[in-house]
Amino acid sequence: MVVNSRRIAVVFSLLGLLLAGAPAGLVAHTDSGVTEEKQHQGPAATDRKIEAAPAGQVVEAGKDWVEEKTGAFIPLGLSFTDEGGRRMLLRDFIDRPTLLLPVYFHCPSACSTTLAYLATTLGRLQATPGKDYRVIAFSFNELETADDARRARNNYLKLAGKAFPEKEWRFLTGDRESIAALTTALGYRFKRAADGTYIHPSALAAVGGDGRIIRYVYGNFISGDVDMAIADAAQGTPSLSVKRLLRMCFGTDPQANSAVVQTVKAVVLAVFAAAIAALLLVFRRRRLDDAGGNRK
Amino acid sequence: MTETQSFFETPSPAGLTGIRAWLFTHDHKRLGLMYMWAILFWFVLAMFFGLLLRTELMSQGRTIMGAETYNSMFTLHGVIMIFLFGIPAIPAIFGNFFLPIQLGTDDVFFPRLNLFSWYLFMFGSLFAIVSLFVGEGFPDTGWTFYVPFSISTAGNVSLTVTAAFILGMSSMLTGLNFVTTFHRMRHKKMGLMQIPLFTWSLYATAWVQILATPVIAITFVLVVVERFLSVGLFEPDKGGDPLLYQHLFWMYSHPAVYIIILPAMGVISEIIPVFSRKSIFGYKAIAASSMAIAIAGSLVWAHHMYTSGMSDVSVFVFSLLTFLVAVPSAVKVFSWVSTMYKGSIEMSPPLFLSLCFIYLFTVGGLTGLVLGAAGTNIHVHDTHFVVAHFHFVMLGGTGFAFFAALHYWWPKMFGVMYSYRPAYIGAVSAAVGFIFHFVPMLILGMQGMPRRYYDYLPQYETGNFLAGFGAYLLVFGIVVMFVNLFLSLRYPRTAPGNPWGGTTLEWSISSPPPMENFTVSPEKIGFPYDFSEIVARSQKEGR
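Structure below.
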């Protein structure tokens, strides 16, 4: 019986080792163009300026991707270009609770899912578009144009459902200064990577009709979340955001460092093989000893 | 049975007196009780935090506390209930106390290590609570601390991860002790298929503890490496991958859920046959399904991350694996119910609580499938549905099994019997309150009420009021059960060695057990659930 249980112990230890190895492989295979993080996420201790910020304007928010500025106002005098190529002031559109979503339209990564999540959520809201709230998606890439915005609008309005009035969801582009002013006011940070993509969080802000920032909504939007934000914005009472996971949007090339991953895999396998071999040797020797003992 | 001195009168090591006899003890039974008082303290504390939360939510708007207090209170409720109650409760208390006895031996394999892990637990638990309050203001992250690498919460998070690691270390050492005791200290005549199922479930749990805890340790090291050496591991700015942190976190934390539920299932597998006077149905299947849950449960962590932007292939694989876990769980439920079929059932508080467990756990399991399927998950993700689901499993499952275990083994641990009537009253109101509390939350979740909110829209008011009402009933029931148990210590009625007619080894010795458990080593080791003698004896006594 003792030998029997010992055998079982060996089997389980081997199984355990294999299980420990499996996750390493699985993680290596998940592709991660999009991920979530918490709101208070920040990069390393660098007082980096937002790249798009005008010279001289140091952005205090250097450490958090979204630094909540609930209760503050966004400058409604900023001018943006709508999807039809017309200039418009924010003031012209924001006259009731409005959801502001910073994205960029030619995004290889999470922005499309973010926009899609927002679109389907809009379709499920209890609040009425146009009456209770309006929506703005604006690009923080100053190189994007009204054409890009129009293409995005054609795609995402469909997802929001036929009933959604198309005038109530605008897709804006703007120049460097307006973008910097708006994102700074929102406490929203983004960073251009070497290949022209952006690292940025996926979050929206609900503002009141007077431009007061009411609440931030993170992660993939839940209709209940957004409804609450709109209700608060209608009353004009800034409220505490629920700190949900913050989706991060960034471009990764899964193949980029595959040599490292392969090396790690090889080393891990070698270590496990050695451990298993050692275990087997020890047990074999002990069994031989036992057999020897019996003979005496 | 001859009069023997119980372990209360015999300190181990010998010669220690007073409080030192407890603080320096090597006796697994004393350690089990020391864990019990610490864990009960945390449980009651967190239970009242929970009650305050529900009171706040009973009506719209501000009721008794502000939004920030609310946030820190639910973090405390979650952290305490998971790390300081759920994970250690059954293994540390009942496992320590009964595993060696059920295996027919005098103590665990490493008694001093056992004492050490108690100190780790005490230190880690204080550390965890303190760490939540250092840094800037109140904690408000929930128990998942998804904030590993931010600057603003740096100190906080490093400390909290350290605390989780210390607590994990404690449970890992306990697990190590159980595995070694299982293999090396077992009674010579006890074969693998003669081991009680509670011990089997602890054995399966112990493996999860040993294998999963290192992952949180590795995560901790990586966070430190990233922070102090500026290596980009999780931070996209530096070329890292935040998803990696989530994988690593859940790789420990999801198996932790099975650390919580597996021993609870073991408790139920002990209680049902005893009060059905019938051998357990499918002994081998239950033992094997414990191991199967332990193994499959270690491979499903990413189902917490469906909406995090993993590849579709990963979502599919993890969804499939999650469904696989349901199979061994269902095998167990089937076996418990079949055990009762044609049994000669004798109702008692432990059995009643076990029946509650089966019902509530089944609901928890089925709602888990709703969440485990990637499609429906998107619909109810991060809503009250999720909250209700894991409370059905954690409280309805492990919580009720814990109460059942308390009522089942209380006479053995303290040698006193409690009164039935208050126990039934408590159990019934706890069960009814539970349903009133969490069924409305399931519905609220389907209607789209997001979790973690301090306030809600008007249409959710009825549901929240009902839930608050249920919460009071639930807490009332739990308090009645606890008070009843404590009163039995104050006004003791001596319990016999085997009040229930149990067949496992702990019922063959006096209550409370003597210092080294067995004054004479048990001679005959048969199948642990053979009730023929018990039934024959009671027939002879004309009962």
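Protein sequence lines, in the order shown, are assigned to chains C and B.
Each number in the numbering used here corresponds to the 1-based position in the first sequence with 1464 added.
Each number in the numbering used here corresponds to the 1-based position in the second sequence with 42 added.
We put the beta carbon where it would ideally sit given N, CA and C, even for glycine.
Quiz item: For chain B, is any of its Cβ atoms less than 9 Å away from the one on I1740(C)?
Solution: no
Quiz item: When burial is assigned at 16 or more other CB atoms within 10 Å of the CB, is N138(B) buried or exposed?
Solution: buried
Quiz item: Should Q1726(C) be labelled buried (16 or more other beta-carbon atoms within 10 Å of its own) or exposed?
Solution: exposed
Practice problem: Output, in chain order, the set of chain B residues within a Cβ distance shorter than 8 Å of I1686(C). | Solution: H423, D424, T425, G490, P492
Quiz item: DSSP state of V150(B), grouped into three classes?
Solution: coil
Quiz prompt | Three-state secondary structure (DSSP) of V458(B) | solution = strand
Self-check item: Proximal residues to E1532(C) (C-beta, below 7 Å), its chain only, five neighbours per side dropped
Solution: G1651, Y1680, S1705
Quiz item: Helix or strand or just coil, what does DSSP make of F1628(C)?
Solution: coil
Quiz item: Does any CB atom of chain B fall closer than 9 Å to the CB of G1683(C)?
Solution: yes
Quiz item: Under three-state DSSP, which class holds Y1568(C)?
Solution: coil
Quiz item: Per DSSP, what kind of secondary structure is R1676(C) in: helix, strand or coil?
Solution: strand
Exercise. Would you kindly work out how many angstroms separate the C-alpha atoms of I520(B) and G468(B), rounded to a whole number?
Key: 6 Å
Quiz item: Does DSSP classify W1529(C) as helix, strand or coil?
Solution: coil
Quiz item: Is the beta carbon of A134(B) sitting closer than 9 Å to the one on V309(B)?
Solution: no
Self-check item: Start-to-end residues for the alpha helix (DSSP H) that takes in M333(B)
Solution: 325 to 339
Quiz prompt | Cβ-based burial, N1618(C) [other Cβ within 10 Å; buried from 16] | solution = exposed
Quiz item: Taking Cβ positions only, does V1522(C) come closer than 9 Å to chain B?
Solution: Caution applies to V1522(C), whose pLDDT of 33 falls short of 50 and renders its modelled position unreliable; the model cannot decide the point.
Quiz item: Which residue spans inside the stretch 53 to 105 of chain B form an unbroken alpha helix (DSSP H) run of at least 4?
Solution: 62 to 65, 70 to 100
Quiz item: On the three-pair Cβ rule with 8 Å, is the stretch 214 to 224 of chain B touching the stretch 273 to 281 of chain B?
Solution: no
Quiz item: For the candidate residues L1621(C), T1584(C), P1572(C), G1660(C), whose alpha-carbon lies nearest to that of E1606(C)?
Solution: G1660(C)
Practice problem: Report the residue from N1684(C), A1738(C), C1571(C), T1585(C) whose alpha carbon sits nearest the alpha carbon of A1616(C). | Solution: C1571(C)
Exercise. Could you tell me whether the Cβ of K1595(C) comes closer than 9 Å to any Cβ of chain B?
Key: no
Exercise. Under 7 Å between beta-carbons, which chain C residues line up against T349(B)? List them in chain order, please.
Key: N1684
Quiz item: Whose CA, out of T1592(C), S1666(C), A1645(C), G1625(C), lies closest to the CA of A1601(C)?
Solution: S1666(C)
Exercise. Give me the Cα-Cα distance between A1509(C) and H119(B), rounded to the nearest whole angstrom.
Key: Because A1509(C) carries a pLDDT of 32, less than 50, the predicted location of this residue cannot be relied on, and no value is offered for it.
Quiz item: Which partner residues does A1601(C) have in the DSSP bridge list?
Solution: L1565(C), F1635(C)
Quiz item: Any chance the stretch 140 to 152 of chain B sits against the stretch 226 to 236 of chain B, with 3 or more Cβ pairs inside 8 Å?
Solution: yes
Exercise. Buried or exposed for Y1620(C), please, with buried defined as at least 16 other CB atoms from any protein chain shown within 10 angstroms of its CB.
Key: buried
Quiz item: Can at least three beta-carbon pairs, one atom from the stretch 378 to 385 of chain B and one from the stretch 307 to 324 of chain B, be found at a separation below 8 Å?
Solution: yes
Quiz prompt | Limits of the unbroken alpha helix (DSSP H) element including T364(B) | solution = 354 to 382
Quiz prompt | Neighbour-count burial assignment, N113(B), 16 or more Cβ in a 10 Å radius | solution = buried
Quiz item: Whole-angstrom Cβ separation of L486(B) and H426(B), contact assumed at under 8 Å?
Solution: 4 Å
Quiz item: Taking C-alpha atoms, which residue in K1655(C), G1587(C), A1591(C) lies nearest to P1566(C)?
Solution: K1655(C)
Quiz item: Residues in its own chain within less than 8 Å of I260(B) by CB, not counting five upstream and five downstream?
Solution: L290
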